[in-house]
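Going letter by letter, the sequence shown gives residues 0 to 159 in numbering that gives the first Met the number 0.
For every residue, glycine included, the Cβ atom is placed at its ideal position computed from N, Cα and C.
What follows is one structure encoded as structure tokens, with my remarks underneath.
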Amino acid sequence: MASGRGVEGESPRKKAAQMLSCPEVYLTRPPQPKVKKPGQLNEEQLEQFFEEGFVVIKDFFKPEELQPVRDDISRLVDDLAERLFKAGKIKDKHKDAGLFKRLTLLEEEYPGTAVILHKTGKLPKAFRDLWSNERLLNIMEQLVGPEVAGSPIWNLRTKT
Numbered sequence: 000m001a002s003g004r005g006v007e008g009e010s011p012r013k014k015a016a017q018m019l020s021c022p023e024v025y026l027t028r029p030p031q032p033k034v035k036k037p038g039q040l041n042e043e044q045l046e047q048f049f050e051e052g053f054v055v056i057k058d059f060f061k062p063e064e065l066q067p068v069r070d071d072i073s074r075l076v077d078d079l080a081e082r083l084f085k086a087g088k089i090k091d092k093h094k095d096a097g098l099f100k101r102l103t104l105l106e107e108e109y110p111g112t113a114v115i116l117h118k119t120g121k122l123p124k125a126f127r128d129l130w131s132n133e134r135l136l137n138i139m140e141q142l143v144g145p146e147v148a149g150s151p152i153w154n155l156r157t158k159t
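As structure tokens, this is what we get:
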């Protein structure tokens, strides 16, 4: 019982997920790559993921890898603020607020701004580059197997 496993030997997470009809791919560790690849999880991290359903990897991405994403988001927010301002929906574009505070201020002035932001149908190139990062895909292969597919749907939520 110290391992957190029940009488039948299954983790509490696996039992709960089965009751919720969770796909088996997220519950069972697939065969692991035979060759160590950049970014892969170690054995302890893999065990934590399959036991608890998550693993935290501190500083996985370097700040310089994330900056293009911030820059693309900033451009999208600029464009959206300009459109909302021209349409008379907002009185202040909050240009001096900075990326993280700006979207929150726009959302306060015009509720739904964050939703409009990701409903533009644009997936910034920096997002595509980040999501196809070799180290990230190597981890995904460890978690779900080699057949990894992505979705172009993304969300950005403000802290309001």
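Quiz item: What is the residue span of the alpha helix (DSSP H) that residue 83 lies within?
Solution: 62-85
- Query: Where does residue 102 land, buried or exposed, given buried means 16+ other C-beta within 10 angstroms?
  - Reply: buried
**Item:** Under 7 Å between C-beta atoms of residue 67 and residue 125
**Value:** One thing to note: residue 67 has its Cβ within 7 Å of the Cβ of residue 125.
Problem - For residue 43, the nearest candidate out of 54, 33, 37 (CA to CA) - result: 54
* Between the region 30-46 and the region 83-96, do three or more beta carbon pairs fall short of 8 Å? -> no
ask   = Quick one: is residue 72 buried, meaning 16 or more other Cβ sit within 10 Å of its Cβ, or exposed?
value = It is buried - the Cβ of residue 72 has at least 16 other Cβ atoms within 10 Å.
*asked:* Checking 7 Å against the spacing of the C-beta atoms, do residue 65 and residue 116 come in under that value?
replied: In this structure, residue 65 lies away from residue 116, with their beta-carbon atoms at least 7 Å apart.
* My understanding is that residue 30 touches residue 140, with C-beta atoms under 8 Å, so please give their C-beta distance in whole angstroms. => Wrong, their Cβ atoms sit about 10 Å apart, outside the cutoff.
Practice prompt. Note down the Cα distance separating residue 91 from residue 98, rounded to an integer number of angstroms.
Written response: Approximately 15 Å between the Cα atoms of the pair.
Worksheet entry | Spatial distance of residue 127 from residue 36 (CA atoms) | Inter-residue distance for residue 127 and residue 36 is about 21 Å (C-alpha atoms, whole angstroms).
Note to self: Beta-carbon within less than 6 Å of residue 110's beta-carbon, same chain only, minus the 5 sequence neighbours each way: which residues are those?
What the structure shows: none
Bounding residues of the alpha helix (DSSP H) (the contiguous stretch that carries residue 115):
112-117
Can you list, in chain order, the residues of its chain with a C-beta nearer than 8 Å to that of residue 75? Leave out the 5 residues immediately preceding and following it. 116, 119, 121, 123
Checklist line | Residue from 81, 150, 39 whose Cα sits closest to the Cα of residue 56 | finding: Looking at the Cα atoms, 39 is the closest of the given residues.
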